[in-house]
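Protein chains: 2
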Amino acid sequence: MKPDGPTTLHAPPTAGAPGVAAAGAPTPAFSPLYQQIKALILQSLQAGEWKPGDPIPSEVELAARYRVSQGTVRKAIDELAAENLLVRRQGKGTFVATHAEQHIQYRFLRLHPDSGTLDDIGPATREVLACRRVRANAEVAAALQLQPGETVVQVSRVLSFQGIPTIYEELWLPGTAFRGLTLEALSAYAGPMYALFETQFGVRMVRAEERIKAVAATGAAAQRLQVPAGTPLLSVERLAYTYNGVPMELRRGLYRTDRHHYRNELS
Amino acid sequence: MKPDGPTTLHAPPTAGAPGVAAAGAPTPAFSPLYQQIKALILQSLQAGEWKPGDPIPSEVELAARYRVSQGTVRKAIDELAAENLLVRRQGKGTFVATHAEQHIQYRFLRLHPDSGTLDDIGPATREVLACRRVRANAEVAAALQLQPGETVVQVSRVLSFQGIPTIYEELWLPGTAFRGLTLEALSAYAGPMYALFETQFGVRMVRAEERIKAVAATGAAAQRLQVPAGTPLLSVERLAYTYNGVPMELRRGLYRTDRHHYRNELS
DNA sequence: CAGTGGTCTAGACCACGAG
DNA sequence: TCGTGGTCTAGACCACTGG
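Residue numbers (the numbering used here), protein chains in the order written: chain P, 1 to 267; chain G, 1 to 267.
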C-alpha cells in the first residue's frame, strides 16, 4: 500500500467511519486513522470480544484486519496502554487490563500507610455490612444518570488494616447492570471488588474522579471506625466510569488518617 | 543513514552515552536511542539553554544536531511533552513548559469550588504573611535533602476565594537557591509563585507529591482561616521537585473544604 | 527457534500558523 | 508560501518470551 494520506478507513469502505460528520458541518471533523483504529479496538473491548486478562490479537494481525500499517495500530495501542486499558508485555503480547492480578491490589485506592514502606504490611480485612436494592434518590440518580426512583444496589462495608477499621464506605450501582449482586457473593469473594464486577457482571471500571473534603465523624461512621464523634476524617466521593464515560458507581468513603494518608502525584 | 540498529549515540562517538555501564555489570543496561536523546534534551533544559516559554529547536534541527532521524527525536519529545516538560503547538513549534501563561493559573492546585463550574469566579487573593530565613529543623532538612541547621527560606501565606480565606500554607525552600527572596518581591508579584521562581531564580517545579490528611483546626490556623478551633481541615503536604528529581520545596497547606474540594483523577 | 512487542530509519503527505 | 508539528507507510533489525 502506497502512502496516500487516507482520510477515511478502508474496512468500512467510505462512510461509517469517524471523520465523516453530518452534512454541512462547519468543520469536517478530521480524525486521524490511528484514532479511528483506537475507536474500533475500544468497541471490541466494550463488546467483550476480548476479556480482561486475555491477550488481544498481535499488532501484525490487527494491521491486517484493519488494512493499515503496523505503525498505525501501534500508535492506537500506545494510547490505550497510556490510559491503562491495555497492558503491553514485550515478547508475550498485549493484554486487556484487569483489576484482578494487578501487580499490586487496589489500583484505585490512594490510601497509603504513613510509615510502612509497603502496603504488604497486612492485606486489608474487608467486612461487607449490607447489600440492598433500593430506590435511587435524586443525588444518586443524577450521578449515575438514572431516573430518580430507579433501582440501585447499595453496598456498605468497612476496610481494616492491621485490625484497625480505617475505611467506611457506601456505594451505589445501577440495579440493571448488577442484577444478582448479593451480600454473600461480596463477602465470599477474595480479590478486589472491581475484579468481581469484571468476572460476574462484565463491568470494567476504567476511570474515576474523586472529590475530597475534611469532615467530622458523626455517630454512625464514628462507631464503624471506632473513633470519637468529631474526629476529622477524609471524605472521598468517587464517581467511577466504564468505557465511553458511562458512570457505573458512586462511592462515598470516610477514611481515618491517623496512621494513613491519601497520596497524589502532580505533574 | 542506513538502518543499522545503533546501540550507542553518534555525537559522543562510542562511550559516555548511557547504556555503557560499569564493567562486569550483569545486564548491559541497554538504553534506546530516543531515551538518550531525551536525556540530552533534559540536560539542555536543566542547563537553561532554552528558557520557560521559549521554543526549542525544530525536530529537523534537533535530528541533525544529534545525528538521528526525526522520528527518534519525535519520540523523545513525545515523552517530555507527556511529562509536561514541553508543550507542542502544531504549526508553531515546541516550547518549554512554564507556570506562567499556563492556560489556566495554578497548575498544581487541585482545590476546586463545589458549585461554580469554573475557578474564574474570582481570582484568588493572596496575602503573604511572612518570609524569613531560618535554620532547617530535622524534618525540613530531610525532605529537602539538606543538613539540619542549613538555611532555608520559610514563607507563610493565605489564599482567599471570594473574600473567604481558604488556604493557609507554610513553605520551605533551600536558602542557597533562593537567596534574595523577600516578602516584598512575593507580595508585589502578580502571577503564580512558581512562575516567579522560574524568572527570578531559574528554578522550575516539574513534579510534586502530595500527602493528604484530615486534621482539626488549631488556634493559629483557625484564626487565619476564620473558622472555630476543631473545624476539620484538609492537611496537604507537598514535596515539589525540579528536573532530575531534586526536591526544591516543602509545603504544608491547610484547606477549608466547606465550599471547595480537592479533586483527583484516577485511571 | 518462531512470534511478540520495541526501536530506528527514510520519505511522503497533511493540517496548522504566520508572513 | 513556507516552516512547524502531525500522520502514515514500509521495511529492517533488536530484545524478550516460550516452546
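We put the CB at the ideal spot given by N, CA and C, even for glycine. Remember, predicted model here, so these are calculated numbers, not experimental data.
_Using only the alpha-carbon positions, how far apart do A195(G) and Q70(P) sit?_
42 Å
*Going along the chain, which residues of its own chain have a beta-carbon closer than 7 Å to the beta-carbon of P55(P), five neighbours each way excluded?*
G93, T94 and F95
*asked:* Using only CA atoms, which one of G219(G), L62(G), A217(G) and A222(G) lies nearest to Q36(G)?
replied: Selection G219(G), L62(G), A217(G) and A222(G) evaluated against Q36(G) yields L62(G) as nearest (Cα-Cα).
*Buried or exposed: where does N84(P) fall if 16 or more other Cβ atoms within 10 Å of its Cβ makes it buried?*
exposed
*Count the other C-beta atoms from every protein chain shown that fall within 10 angstroms of the C-beta of K38(P), then say buried if there are 16 or more, exposed otherwise.*
By the neighbour-count rule (16 or more Cβ atoms within 10 Å), K38(P) is buried.
*Buried or exposed (CB count within 10 angstroms, at least 16 for buried), N244(G)*: exposed
*asked:* Taking the straight line between their C-alpha atoms, what separation do you get for L171(P) and L225(G)?
replied: 33 Å
*Along the chain, where does the beta strand (DSSP E) that runs through R89(G) open and close?*
L86 to R89
_Given this structure, state the Cα-to-Cα distance separating G219(G) from T166(P), to the nearest angstrom._
27 Å
*Under 8 Å between the Cβ atoms of L266(G) and E210(P)?*
E210(P) sits close to L266(G), with the two beta carbons spaced by under 8 Å.
*Leaving out five residues before and five after L181(G) in sequence, what residues of the same chain have Cβ atoms less than 6 Å from its Cβ?*
V153
*Please compile the residues from chain G whose C-beta is within a distance smaller than 8 Å of the C-beta of I212(P).*
Near I212(P) (Cβ distances below 8 Å), the residues of chain G are I212, L234, T257, H261, Y262, R263 and N264.
*Near Q279(G), which residues of its chain fall below 7 Å by C-beta distance, leaving aside the five closest residues on each side in sequence?*
Coverage of chain G is limited to positions 1 through 267, which leaves residue 279(G) absent and any answer about it impossible.
*What did DSSP end up calling R251(G) once you bin it into helix, strand or coil?*
strand
*Hey, out of V203(P), P174(P) and R157(P), whose CA is closest to L186(P)'s CA?*
R157(P)
*Span of the alpha helix (DSSP H) holding I77(P)?*
Q70 to A82
_L146(P) (DSSP reduced to helix, strand or coil)_ = Looking at L146(P) - three-state DSSP - the assignment turns out to be coil, as it is neither helix nor strand.
*Can you grab the Cα-Cα spacing for the pair A141(P) / S115(G), in whole Å?*
18 Å
*How would you call T231(P), buried or exposed, if buried means at least 16 neighbouring beta carbons within 10 angstroms?*
buried
_Local conformation of Y34(P) per DSSP, three classes_ = Three-state result, Y34(P): helix.
*Using a beta-carbon distance below 8 Å, is F277(P) in contact with chain G?*
Here chain P comprises residues numbered 1 to 267, so residue 277(P) is not present and cannot be evaluated.
*Please report the Cβ distance between A76(G) and I41(G), rounded to the nearest whole angstrom; I am assuming they are in contact, meaning their Cβ atoms lie under 8 Å.*
About 6 Å separates the two Cβ atoms, so the contact holds.
*asked:* Let's see if you can read the secondary structure: which residues bound the alpha helix (DSSP H) around G219(P)?
replied: First-last of the alpha helix (DSSP H) with G219(P): G219 to L225.
*State buried or exposed for V206(P), treating a residue as buried only when at least 16 other CB atoms are found within 10 Å of its CB.*
Looking at its Cβ environment, which holds 16 or more other Cβ atoms inside 10 Å, V206(P) is buried.
*With 8 Å as the threshold, decide whether the Cβ of F108(P) is near any Cβ in chain G.*
Taking 8 Å as the threshold, the shortest C-beta distance from F108(P) to chain G falls below it.
*Residue closest to G253(P), alpha-carbon to alpha-carbon, out of R133(P), A188(P), L111(P) and E198(P)*: Measuring C-alpha to C-alpha distances from G253(P) to each of R133(P), A188(P), L111(P) and E198(P) identifies L111(P) as the nearest.
*asked:* Quick check on the burial criterion: 16 or more other C-beta atoms within 10 angstroms. Buried or exposed for S235(P)?
replied: buried
*Looking only at its own chain, which residues have a Cβ that is under 7 Å from the Cβ of Q147(G), when we skip the five neighbours before and after it?*
Take Q147(G), set aside five residues on each side of it, and the residues of its chain with a beta-carbon closer than 7 Å to its own are A141, in chain order.
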